[in-house]
Structures are given as C-alpha cells and as structure tokens.
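Student:
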Amino acid sequence: MDYSQLKKDLEGLYITIPTLFNDPDMSINEDGIRQHVSFLKSNGINRQNAVLLAGGAAGDFSTMSFEERVRVAGIVKEAAGEIPVAVGAQTTSTMELQRLAQAAEEIGASFIQVSCPFYFNHTQDDFYEHILAVSRSAKIGLIIYNTFWTSAEVSFGMVERLIEIPQVVGLKWATKRSVAMEFEDVVQTFSSKLTVIDNDLLFPISHMLGAKAFEVHLCNHWPEWGVRLLATLEAGDYKQVELD
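When the letters of the sequence shown are read in order and numbered with my numbering, they come out as residues 233 to 476.
#1: What are the boundary residues of the beta strand (DSSP E) that W457 is part of?
#2: Between the alpha carbons of N378 and N431, how many angstroms are there, rounded?
#3: Would you mind reading off the limits of the beta strand (DSSP E) that contains F343?
#4: I'd like the ranges of any alpha helix (DSSP H) spanning at least 4 consecutive residues and lying wholly in the region 272-352.
#5: Alpha carbon to alpha carbon, what distance is there between Q345 and A286?
#6: Would you tell me roughly how many angstroms separate the C-alpha atoms of H268 and L433, rounded to the nearest one?
#7: DSSP on Y433, reduced to helix/strand/coil?
#8: With V400 and L364 assumed to form a contact (beta carbons below 8 Å), what rounded beta-carbon distance in angstroms separates them?
#9: Taking the straight line between their C-alpha atoms, what separation do you get for G402 and K239?
#10: Ignoring anything shorter than 3 residues or poking outside the region 366-410, list the beta strand (DSSP E) runs there in chain order.
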C-alpha cells in the first residue's frame, strides 16, 4: 500500500455523503444514494478534486447497524467510480473498528475515518491503542478525526505520536477553540507529514498554513461552489474565498 500516494489522493474537497432512507420502513434508499453521487459527478466532482465520505456523522452512522454501514459504503464506492472513498468508522468498540476497516478494504475504499471512542471518558492513550489496533488489521489509509463530539481531544503531542504510524495519512480537525491557535500550530507543524482536513471552516488561514483538504457539506447541494472554492484557494485569492 502506497500511503504517500494516499496522502495526495486525500487532497481537495472532502464531501460527506448523506445517507438516504425510504419512507415509511426506513430501509436504505440505495437508488437515491447512487443518484446523489451521480449528481455530484455530473457537476464537477471528480478524483482530481474530491474524496467522498460514506457513513460519516452527517451520514447517520450512529443510527445504523454494522451491516447497514458497510452496505452504504459499498453503494457509495460503486457509484463513485474512480473518486476515492473514505468510510466513517467511528465506534465505541475497537473490535468493531477492526471489522469496519477490513470491510472498507474489501469493498475497495481508500480510507477510514476514525475518532476517539465516545460515551465513556477515554484517555489519549486509550485512543492511541485504538488506532494502533486498527492499523494492524487492514491495509487502508487512516484519517484521524479530532472532534468535540468524543471523550478526548487530540492534542499536539498526540499528533506527534500518531504520525509515526504509517497508515495515518490524514487529520480532520473540528474542535472548540479551547487552546489559543492550537489548530493553526497543528496545521503549520504537521501538514508536510499528513493531509490536514479543515473542518473548522477557516479555509483561507488553514490553506496558507498548509492544509490541503476541506470539509464542504454545502457541496451536496451546490457542487460547483466547492469546485470554485478549491480553485480560488489554490490561486491564493483569499479575499475572494471570504466573499464567496
């Protein structure tokens, strides 16, 4: 597995695909998901500018069974074609995380997105062991998700430890601004070692400091906006980014 290439593949727009359900039985709307991915592809989203996340938080992973999560990921991967796919693998169970990673590898996904286990108060050492276990379970890129929805945030020192694991290719960041300039410090320090995904919506600042990927939920409704955003960032026209 070429993890250096996966870091490059992760650059661009990071689009969380919504999981669609049928009324009234709440079964997965497979055709609807396929149509949605087709809509994105028809409006400028491709392997050069985007990664699709299947079963993230905005894709309702927390309400689905293991089998449903894997099925949704498979549908998105099938519909995505050459566009790289990440699979949401947030879970309270390390064993389930390993199964999700193996399933993601089997369907041909490039990445899984992993956050610290939630509900109980976990330590950063707990999270490190969680990541180490999954790194030994599947040959797939790991995106570490630092989010305030879990029990322990990922500190600067934790990132220093995680980047020593070869499979760790991405870091997605969405936290409360509890430590002054921590996000900026992390981007500036580690963006040469992994692909940072800005989920704090600080796109001009993070791009200046080295972030190469950007969470853009709006792309699900207006993909052309995301394509323009990325081009404007890469052109260094940060004033226009703010206006857009």
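Virtual Cβ for every residue (Gly too), placed ideally from N, Cα, C. Remember, it's a predicted structure, so these values are computed and weren't measured experimentally.
Tutor: From the atom records:
#1: Along the sequence shown, one-based indexing puts residue 457 at 225. Per DSSP, W457 belongs to no beta strand (DSSP E); it is in the alpha helix (DSSP H), 455-466.
#2: Reading the sequence shown from its first residue, position 146 is the one you call residue 378. Reading the sequence shown from its first residue, position 199 is the one you call residue 431. Cα to Cα, N378 sits roughly 9 Å from N431.
#3: Numbered from 1 along the sequence shown, position 111 holds the residue referred to as residue 343. Looking at the DSSP string, the run of the beta strand (DSSP E) that includes F343 is 343-347.
#4: 298-312, 326-339
#5: Your numbering for residue 286 matches position 54 in the sequence shown. Your numbering for residue 345 matches position 113 in the sequence shown. Cα to Cα, the separation comes out at about 10 Å.
#6: Translated into the one-based positions of the sequence shown, residue 268 becomes position 36. Translated into the one-based positions of the sequence shown, residue 433 becomes position 201. So the two alpha carbons sit approximately 24 Å from each other.
#7: Reading the sequence shown from its first residue, position 201 is the one you call residue 433. The question names Tyr, but residue 433 is Leu in the sequence shown. Three-state result, L433: coil.
#8: The residue given as residue 400 occupies position 168 in the sequence shown. The residue given as residue 364 occupies position 132 in the sequence shown. 10 Å between Cβ atoms; not a contact.
#9: In the sequence shown, the residue the question calls residue 402 occupies position 170. In the sequence shown, the residue the question calls residue 239 occupies position 7. Each residue's Cα considered, the two are about 7 Å apart.
#10: 373-379, 400-406
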